[in-house]
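Only one structure is covered here, and it is reproduced in the block below.
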Amino acid sequence: MKRPPSIVWIVFFWVLFLPGAVFAADPAAELMERKEVFLVTKDTDNKACLYCHGVDGFSAPMSEGRNQERKNLFVDADRLAKSVHGSRSCVDCHSDITKIPHDKNKEYNVSCVQCHTNLNNELKVKEGEAGEKKTLGHVVENIASYLSSVHAQPRKGDPNKPNAYCSDCHTGHAIFAKGTPERKDYHMNSPAMCGRCHEKQLLEYEDSLHGGAVLRLGDEKFPVCGDCHTTHKISHPESTYGQLVITKSCGGCHKDSYESYTSTYHGQVNTLGYVNTAKCFDCHEAHKNRRVTDPESSVHPDNRGKTCKQCHENVSPGFLSFQPHGNNHSFDKYPEMWLASKGMIGLLVGVFAVFWTHTFLWFLRERKEKKLGIHHKLPQDVAEAPLPATGTRVNVQRFPALWRLAHISFALSIMVLAATGLTVLFADSFWAQTVAKALGGAKVMAIIHRVAGAVFIGVFFIHLVAVLHKLLIKHRATFEWFGPNSLVPRWQDLWDLIAMIKWFFGKGPKPYFDHWTYWEKFDYWAPFWGVSIIGGSGLVLWFPVLAGEYLPGWIFNVATIFHGEEAVLAVIFIFSVHFFNCHLRPSKFPLDIMMFVGNMPMEEFKEERTVEFQRMVLEGKLAEIMVEPPTSKAKKYSRILGFTLIGIGLTLLFFALTGIGTHLVHFFSS
């Protein structure tokens, strides 16, 4: 008898034994066909679940046909035991499982949110707030963040499911505690996990400075997705909150760069919550960031023009050489900024050391004399001088209507400039965001600031034209440049200052003054400096592209320092020293309405301008400057206006001082 060909034996063996071999090799398939059923209770042991789910390859079909897609249902028992859920039973989470095997074609859900919330509440009931486990409480906080995130929102293709659920990121079972090697691996592998949905972003990240260090070098110091986007409260990248969070996250690693960024206009308005400005990722790119020296970097000198043109239609050489991360701490790197900053600090300290001392001594002397009931005795010729018969004209004219209008316009423009400017300059102060919202936000504030700046400069130059016309044309032949009516400083001002200091210390009588006092002359000439510095730097910052055609880039850095710090000096001086001189010293408190009505009572004129009174009497010109006193209605409205302006001014003074305080605290704590 012939033996069958070997191929026949092979086929016979294949048909007879292969199905059994395959079935035996796939215990998961065998388990899926089990017929024995038993009920699941809260006491069901994990072994009952792992009998099936603990078999590698255990899965369930998700579609029909030969090439059916299968869902992996395998649970690594060893990793589960090591995880934070290792002490929990399967049915604690899978509470909708009622029997084994489970019903086919039914979707089972696990509510991580509900489970953790319930556990946290149970602990509170048992142990009280003090006994609450910190970790569990932290998880509940993360749940609240997740529920408000873009991941918790319904999917576009399947509204019944969220964009991402807890298990999509944390996996279902292998969740490890901080500090464990497994947790470190999870952290370093998180870009790949996020990339399952965000494929384009992962490709860009892999080729970036951050991604290369993490994925190829395993460097933990470099950020993964959650370090920038946060891990739970993930907002849409185009949302206001999302952009603000990501920008602030950059400062977690790049502290110095973030600090220098927040000292620029871009960073200041971003701190106020305005996102339509340049942020870290706008210039450096969100996922494709590279070193500045990399020719492919968006901030490489060769590519900077293209990057800036995303916002600025035209750019110039000087504009492009601006140092967005320059600081005033390093003379070697940024000498111009260092010198400008130290010069302004010296000016601030010097001005207030002199004028606050003057103010403080004046306050002490007037308070003491008021308390003792001391009244300054007028010279006999002043006290007994007969007044001209002017009828109802019993007051003395100080300022005509046009000068009062110029003063109120100047004052209001300064207050508006201060309100908008201080809010930006001290954007990190506790009051800044509230004020910014009240003023309409950063964009509206910028418009208001520029309009007020135009008024400020306009009033100044109109006044200058009027003064020059008066001096050079109208009174050219008669005006005395160093006479009593001139605001040009003269030797008498120095003698008055010396006499005033003697009076402060009780070493002499209070001096008598002419038409202008030395402090009034300082108040007049100070805006010439202020307009030059604040106005000039403001114009450079207002028209940076034009300025960059003719000026080097460091000018913008210096202009930012000058504009901000000179404005702070002006605000503090006006609303402390100037307010004291005019309204808040004991002899004037709480308000002097003279600047609003334009005239003052004769008795006050005798005391405040004794020398001028004597001169007017001797020259027989006293009647020429006498006017009718303001009506009761004019006084009423002047008081309302005056108290309003003083209230606004003192509020702005508070903003400036607390803003400086915030910066000093930050400086000394960093």
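Residue numbers (my numbering): 3 to 672. Idealized CB from N, CA, C, for every residue including glycine.
(Q) Check whether the region 605–625 and the region 564–577 touch, using three or more Cβ-Cβ pairs below 8 Å as the test. (A) Short answer: they don't touch.
Q) Cβ of Arg587 within 9 Å of Cβ of Trp364? A) A Cβ-Cβ contact shorter than 9 Å links Arg587 with Trp364.
Q.
Can you tell me where the alpha helix (DSSP H) holding Gln435 begins and where it ends?
A. Where Gln435 is concerned, the enclosing alpha helix (DSSP H) stretches over Ala434 to Ala440.
Q.
Please tell me whether Ser237 and Val152 are closer than 9 Å, where the distance is taken between their beta carbons.
A. Val152 is positioned such that its CB atom lies closer than 9 Å to that of Ser237.
Q. Going by beta carbon distance, what residues of the same chain come within less than 7 Å of Cys313, once the five residues before and after it are set aside?
A. These residues qualify, in order along the chain: Ala280.
Q: List the endpoints of the continuous beta strand (DSSP E) containing Pro546.
A: Element bounds for Pro546: not the beta strand (DSSP E) but the alpha helix (DSSP H), Pro546 to Gly550.
Q. If we count the other Cβ atoms within 10 Å of its Cβ and call it buried at 16 or more, is Leu655 buried or exposed?
A. Burial call: buried.
Q | Spatial distance of Asp229 from Arg292 (CA atoms) | A | Going from the Cα of Asp229 to the Cα of Arg292 covers about 17 Å.
(Q) Considering only DSSP beta bridges, list what Arg72 is partnered with. (A) Answer is Pro63, bridged to Arg72.
Q: Tell me whether Gln325 sits in a helix, a strand or coil according to DSSP, three-state version.
A: Correct three-state label for Gln325: coil.
Q. If you draw a straight line from the alpha carbon of Lys523 to that of Phe354, how long is it in whole angstroms?
A. Rounded to the nearest whole angstrom, the C-alpha separation of Lys523 and Phe354 is 17 Å.
Q. Whose C-beta lies closer than 7 Å to the C-beta of Tyr188 among residues of the same chain, with five residues either side of it excluded?
A. A distance below 7 Å between beta-carbons, with the five flanking residues on each side excluded, links Tyr188 to the following residues of its chain, in chain order: Phe178.
Q) How is Pro319 classed by DSSP in three states: helix, strand or coil? A) The answer is helix: DSSP assigns Pro319 an H, G or I state.
Q: Note down, in chain order, each residue of its chain lying with its Cβ closer than 8 Å to the Cβ of His104, except the 5 sequence neighbours on either side.
A: Within the same chain, His104 has close Cβ partners Tyr110.
Q: Kindly list the residues whose CB is nearer than 7 Å to the CB of Glu368, restricted to its own chain and excluding five residues on each side of it in sequence; keep chain order.
A: Scanning its chain for C-beta atoms nearer than 7 Å, with the 5 sequence neighbours on each side dropped, one finds around Glu368 the residues Arg587, Pro588 and Ser589, in chain order.
Q) Out of curiosity, what's the CA-to-CA distance linking Asp221 and Ala215? A) Asp221 and Ala215 have their C-alpha atoms some 5 Å from each other.
(Q) Between which two residues does the alpha helix (DSSP H) holding Gln245 run? (A) Boundaries of the alpha helix (DSSP H) around Gln245: Thr242 to Cys255.
Q. How many Å lie between Gly139 and Ser241 at the Cα?
A. The C-alpha of Gly139 lies about 28 Å from the C-alpha of Ser241.
Q) Expressed to the nearest angstrom, what Euclidean distance is found between the alpha-carbon atoms of Ile536 and Gly566? A) Going by the C-alpha atoms only, they are around 8 Å apart.
Q. Which of the three DSSP states, helix, strand or coil, is assigned to Asn397?
A. In this structure, DSSP gives Asn397 an extended state, which the three-state scheme calls strand.
Q. For Met417, which residues from the same chain have a beta carbon less than 8 Å from its beta carbon, with the 5 sequence-adjacent residues on both sides left out?
A. Excluding sequence neighbours, Met417 sits near Leu647, Ile650, Gly651 and Leu654.
Q.
Suppose you measure from the CA of Gly133 to the CA of Asn144; what does that come to, to the nearest Å?
A. In this prediction, Gly133 scores a pLDDT of 47, lower than 50, which makes its location untrustworthy; no coordinate-derived value is stated.
Q: Using the Cα positions of Glu261 and Val226, report the straight-line distance between them to the nearest angstrom.
A: Approximately 22 Å between the Cα atoms of the pair.
**Q.** CB-CB length for Leu643 against Phe598, believed under 8 Å
**A.** Right, the Cβ-Cβ distance comes to about 6 Å (below 8 Å), so this counts as a contact.
Q. In the structure shown, what three-state DSSP assignment does Arg157 receive?
A. DSSP places Arg157 in the coil class of the three-state scheme, outside both helix and strand.
Q) For the region 310–327 against the region 543–558, are there 3 or more C-beta pairs whose distance is under 8 Å? A) The region 310–327 makes contact with the region 543–558: 3 or more CB pairs, one atom from each, lie closer than 8 Å.
Q.
Quick check on the DSSP output: the alpha helix (DSSP H) that includes Pro491 runs from which residue to which?
A. Premise fails: Pro491 is in no alpha helix (DSSP H) and is neither H nor E.
**Q.** Nearest candidate by alpha-carbon position, reference Phe645, set Arg72, Leu593, Trp544 and Leu404
**A.** Cα-wise, what sits closest to Phe645 is Leu593.
Q | Complete beta strand (DSSP E) runs within the region 339–422 (minimum length 3 residues, chain order) | A | Correct list: 397–399.
Q.
Restricting to Cα atoms, I'd like to know which of Ile102, Lys372, Ile662 and Pro164 is closest to Ala50.
A. Comparing Cα positions, the closest option is Ile102.
Q | N- and C-terminal bounds of the alpha helix (DSSP H) containing Pro529 | A | Segment Tyr520 to Gly532, the alpha helix (DSSP H) holding Pro529.
Q. Can Leu441 and Val570 be called in contact, C-beta distance under 9 Å?
A. Not closer than 9 Å, so no.
Q.
Can you list, in chain order, the residues of its chain with a C-beta nearer than 6 Å to that of Phe324? Leave out the 5 residues immediately preceding and following it.
A. For Phe324, same chain residues with a beta-carbon under 6 Å away, outside a window of 5 residues either side, are Gly555 and Phe558 in chain order.
Q) alpha helix (DSSP H) containing Asn48: first to last residue? A) Boundaries of the alpha helix (DSSP H) harbouring Asn48: Asn48 to His55, taken from the DSSP string.
Q: Locate the alpha helix (DSSP H) running through Asn191, then write down its first and last residues.
A: For Asn191, the enclosing alpha helix (DSSP H) has its first and last residue at Pro183 to Gly197.
Q.
Under DSSP, the alpha helix (DSSP H) around Asn559 begins and ends at which residues?
A. For Asn559, the uninterrupted alpha helix (DSSP H) run begins and ends at Trp556 to Ile574, by DSSP.
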